[in-house]
Amino acid sequence: MSESTTSGLGQFVAGGRLALTFEDFEPIRAVYATELVRKSEVSELESYMADRVPYFYKSPREIADLFASGYFLSAIADALRKLPLAENFRESHFGEILAGLYGEEILDLRLLYSKLRLLTAENANANKMDLLFFRPGKNPAQFVFAEVKSSMKTTADGLPPGHDKSCFANLFASLNKYAERDLEFDLGLIRERMDDIEPADAAAIRTALLPHTARNIRYAAFCVIDSGTKDHDETGVLGRRESEKDFEVDVLCVADLPEVVQATFEKLDLAV
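The numbering used here puts the first residue of the sequence shown at 164, with every later residue one more than the last.
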């Protein structure tokens, strides 16, 4: 696990990635919790996220091609054209993007693509797995398909957050609905999006995608919540509920989550 404390997402990680234990039962899967602070010594989480968000809608190559046209402001507007305007979409997109960055920068995975690149317009969402990663340096290639759920609940009303009945429960429903035809659809998309993969890894991935080839596919799950709503009893459902898929869960607990989401997209709004 990579956790730089001086740059990137790692500078906002407080205390590391902690494996949760439960006194009243033996978990059937690993559950981890990570606290993310809003401010580091050199930056703010919303500023870092605003810099990274556009790359989840367009690949670095696509963005570079836009700027190569020679029209700076038009290129920026085009790069940000898929950003959602509706608050609920901004919240869910933020959770998926944060999980994607966490997977790459903390778990040392590499992102093949985010489903956000499939969107045809703003305020839209795409069905299928949220994030498709691979683990670099593996031959045969190892794929990690990740589902993300987020909740903007806070403790302002003084009530229990109820994540175990909302976003935690929804996580299992989405993973259980992910069928073989969905898997084949996502694998097909990987074949179309190989341009940004390093040659050594690309060769292993192409081989793994050949017909009649055994595939090494793992699943992962991320829940993005406000740090003030973390409740150990509620996270228990993540460790004990049975599922058709074998996966680990990372609970990303973000300080001032609703405010960070709002500030992130406001910074991008100013750039358009």
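Yeah, the Cβ is synthetic: ideal placement off N, Cα and C, and Gly gets one too. Since we're looking at a predicted model, the values are computed, not measured.
Q. How far does the beta strand (DSSP E) with Ala182 in it reach, from first residue to last?
A. Counted from its first residue, the sequence shown places residue 182 at position 19. Val176 to Ala182 is the span of the beta strand (DSSP E), which, as asked, contains Ala182.
Q) Shortest alpha-carbon distance to Ala182 belongs to which of Ser222, Glu198 and Gly233? A) To locate residue 182, count along the sequence shown from 1; it is residue 19. Answer by Cα proximity: Glu198.
(Q) Rounded to the nearest angstrom, what separates Glu225 and His375 at their Cα positions? (A) Your numbering for residue 225 matches position 62 in the sequence shown. Your numbering for residue 375 matches position 212 in the sequence shown. Linking Glu225 to His375 through their CA atoms gives a straight-line distance of about 32 Å.
Q. How about Ala304 and Ile360: do their beta carbons lie closer than 7 Å?
A. Position 141 of the sequence shown holds residue 304. Position 197 of the sequence shown holds residue 360. No, Cβ-Cβ distance for Ala304 and Ile360 is not below 7 Å.
Q. Taking C-beta to C-beta, are Glu259 and Val311 nearer than 7 Å?
A. Numbered from its first residue, the sequence shown carries residue 259 at position 96. Numbered from its first residue, the sequence shown carries residue 311 at position 148. In contact: Glu259 and Val311 (Cβ atoms closer than 7 Å).
**Q.** Backbone secondary structure at Ile191 - three-state DSSP
**A.** Numbered from 1 along the sequence shown, position 28 holds the residue referred to as residue 191. Under the three-state reduction of DSSP output, Ile191 falls in the coil class, being neither helix nor strand.
**Q.** Neighbourhood of Asp413 by C-beta distance below 6 Å, restricted to the same chain and skipping five residues each side
**A.** Translated into positions along the sequence shown, residue 413 becomes position 250. Here the set comprises Tyr195 and Phe385.
Q.
For Arg344, count the other beta carbons within 10 Å of its own beta carbon; 16 or more makes it buried, fewer makes it exposed. Which is it?
A. Numbered from 1 along the sequence shown, position 181 holds the residue referred to as residue 344. Per the 10 Å Cβ criterion, exposed.
Q | Beta-carbon proximity check, Leu208 vs Val424, cutoff 7 Å | A | By 1-based counting over the sequence shown, the position of residue 208 is 45. By 1-based counting over the sequence shown, the position of residue 424 is 261. No; because the gap between Cβ atoms is not below 7 Å, this pair is not in contact.
Q) In the DSSP assignment, what are the bridge partners of Gln305? A) Residue numbering aside, residue 305 sits at position 142 when the sequence shown is read from its first letter. In the DSSP output, where bridge partners are listed per residue, Gln305 has Asn379.
Q. For Ser406, which residues from the same chain have a beta carbon less than 7 Å from its beta carbon, with the 5 sequence-adjacent residues on both sides left out?
A. Start at 1 with the first residue of the sequence shown, and residue 406 comes out as number 243. Hits under 7 Å: Phe335, Leu338 and Asn339.
Q) Where do the ends of the beta strand (DSSP E) carrying Glu411 lie? A) Locating residue 411 in the sequence shown gives position 248, counting from the first residue. Phe410 to Val417 is the span of the beta strand (DSSP E), which, as asked, contains Glu411.
Q) Is the Cβ-Cβ distance between Ala242 and Pro217 less than 7 Å? A) In the sequence shown, counting from the first residue as 1, residue 242 sits at position 79. In the sequence shown, counting from the first residue as 1, residue 217 sits at position 54. For the pair Ala242 and Pro217, the CB atoms are nearer than the 7 Å cut-off.
Q. Ala309 and Leu322: beta carbons closer than 7 Å?
A. Here the question's residue 309 lines up with position 146 in the sequence shown. Here the question's residue 322 lines up with position 159 in the sequence shown. Cβ atoms of Ala309 and Leu322: not closer than 7 Å.
Q. So who's on the other strand from Arg273, going by DSSP bridges?
A. Numbered from its first residue, the sequence shown carries residue 273 at position 110. Beta-bridge partners of Arg273 (DSSP): Phe297.
Q. Rounded to the nearest angstrom, how far is the Cβ of Leu275 from that of Gly266, given a contact under 8 Å?
A. Taking the first residue of the sequence shown as 1, we reach residue 275 at position 112. Taking the first residue of the sequence shown as 1, we reach residue 266 at position 103. Not a contact, Cβ separation roughly 11 Å.
Q. Nearest-angstrom Cα distance between Leu352 and Ser203?
A. One-based indexing of the sequence shown puts residue 352 at position 189. One-based indexing of the sequence shown puts residue 203 at position 40. Computed Cα separation, rounded: 37 Å.
Q: Give the DSSP bridge partners of Gly388, in chain order.
A: Residue 388 sits at position 225 when you count from the first residue of the sequence shown. Here the sequence assigns Ile to residue 388, which means Gly is not the residue at that position. Ile388 pairs with Cys416.
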